[in-house]
Amino acid sequence: MYPQYSPYNLQPSGDDIAGVQRLYGAGQGGVIGAPTAAPGGEDQGNAVVSTISDSQFAEFWDFDVAAGEYVTITMEALSGGLDPLLVILDANNQVIAYDDDSAGDLNAVVRNIRFPQSGTYTAAATRFEQAQGYTEGQYRLTLDFGFTDPPAGGSAGGAATRTPSPTGGGSVTASRGDLAALPNLAETLNGAFVDSVTPIVQRKTGTVRAGETYAWSVTWCATSAAALERGLRAISVTFAIEGDPVPSSAVTEGRREGDGLACVDYGVALAGWQGSSVLLSATLRLSAPVLDGISIYQAGDYIYEYALMITS
1 MYPQYSPYNL QPSGDDIAGV QRLYGAGQGG VIGAPTAAPG GEDQGNAVVS TISDSQFAEF
61 WDFDVAAGEY VTITMEALSG GLDPLLVILD ANNQVIAYDD DSAGDLNAVV RNIRFPQSGT
121 YTAAATRFEQ AQGYTEGQYR LTLDFGFTDP PAGGSAGGAA TRTPSPTGGG SVTASRGDLA
181 ALPNLAETLN GAFVDSVTPI VQRKTGTVRA GETYAWSVTW CATSAAALER GLRAISVTFA
241 IEGDPVPSSA VTEGRREGDG LACVDYGVAL AGWQGSSVLL SATLRLSAPV LDGISIYQAG
301 DYIYEYALMI TS
């Protein structure tokens with residue numbers, strides 16, 4: 001573990017984050033190099049203890065993963081009434097997932113997040129409301145590599161927990177359309193959403209052109225048409241623009257098969273972009289666990305947020 005300065009702020013503010021530490025870990029639980037003692041005096045391999053305070057309200061810890069690897073990251077308050085907030089960042093400091101209270105007792109966990117690319121990612125340990133927050137105390141950050149089962153007696157599902165998302169202030173109109181003929185909104189993003197088998201909130205940033213019409217879609221696939229039909233009994237998809245729900249009458253549902261998969265695409269056409277930025281969110285809700293023929297996805301809300309800049 002090595003001290004490292006980072007100017008990155010989890011949300012835009014005038015505060016710089018200094019005194020950042022890094023935890024260099026490898027897939028399957030190994031640690032690169034010979035780690036020194038953690039700030040809190042505890043060295044547990046893939047666990048580290050440190051402190052959040054008004055003067056140090058966020059700390060960053062790096063870890064390495066292989067493509068397709070599952071990792072569960074937990075931030076547990078140990079003292080002082082700390083209300084943990086855990087944020088996962090990619091190599092470009094883009095937020096890909098975050099959680100507030102899903103681990104119970106105000107603790108945070110991002111469970112079984114699957115990383116699409118090998119590389120170094122960052123777990124940012126902070127507190128609810130970050131720079132504007134008031135809770136302080138010691139915490140333990142733990143990384144578990146490989147798929148982990150939900151705790152006995154706990155809930156693997158439920159709504160994914162997230163902090164309130166700032167809106168972009170812009171607007172766009174959603175309607176039905178020929179989605180296959182339109183450029184997909186995913187192509188404007190800085191990277192792909194990761195595949196998680198437990199409820200999670202993910203956010204990506206991107207840039208759209210004001211005069212362009214895009215297809216905004218969420219896709220569910222299974223290894224057979226029969227598996228797809230069984231899964232769809234528990235699946236619903238909703239869209240929101242700046243927090244306002246998109247009417248179901250504007251949502252198109254299309255089926256397709258290919259490459260050994262049967263899929264359904266839920267989507268809308270987006271046009272008439274106004275303002276400088278806009279925040280979109282799509283929620284895939286599973287009312288019960290769903291088997292897609294390969295993995296079991298736990299019940300709950302899988303939330304995909306799009307923080308988009310609008311250019312001419």
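The sequence shown begins at 1 in the working numbering and counts up by one. Where is the CB? At the ideal position from N, CA and C, for every residue including glycine.
In the structure shown, Thr188 falls within a helical segment according to DSSP collapsed to helix, strand and coil. The criterion of a C-beta distance shorter than 8 Å is not satisfied by Leu284 and Val251.
Between the beta-carbon of Ile235 and that of Val278 there is about 26 Å, and that puts the pair past the 8 Å contact cut. Sequence-distant Cβ neighbours of Thr148 in its own chain, meaning closer than 6 Å and more than five residues away, are Thr72.
In the displayed model, Gly231 falls within a helix according to three-state DSSP. The residue from Thr126, Arg230 and Ala271 with its alpha-carbon nearest to that of Ser53 is Thr126. The region 95–109 makes no contact with the region 210–219; the number of CB pairs closer than 8 Å stays below 3. Contact fails between the region 168–180 and the region 109–116, because fewer than three Cβ pairs, one in each stretch, are under 8 Å apart. The beta carbon of Phe57 sits closer than 7 Å to the beta carbons of Thr126, Arg127, Gln130, Ala131 and Gly133 from its chain, once the five residues preceding and following it are set aside; these are given in chain order. In chain order, Ala262 place their CB closer than 6 Å to the CB of Ala225, counting only its own chain and leaving out the 5 sequence neighbours on each side. Burial is judged here by how many other beta carbons sit within 10 angstroms of a residue's own beta carbon; Ser196 has at least 16 and is buried. With distances taken between CA atoms, Glu305 lies nearest to Val95 out of Val95, Leu85 and Tyr70.
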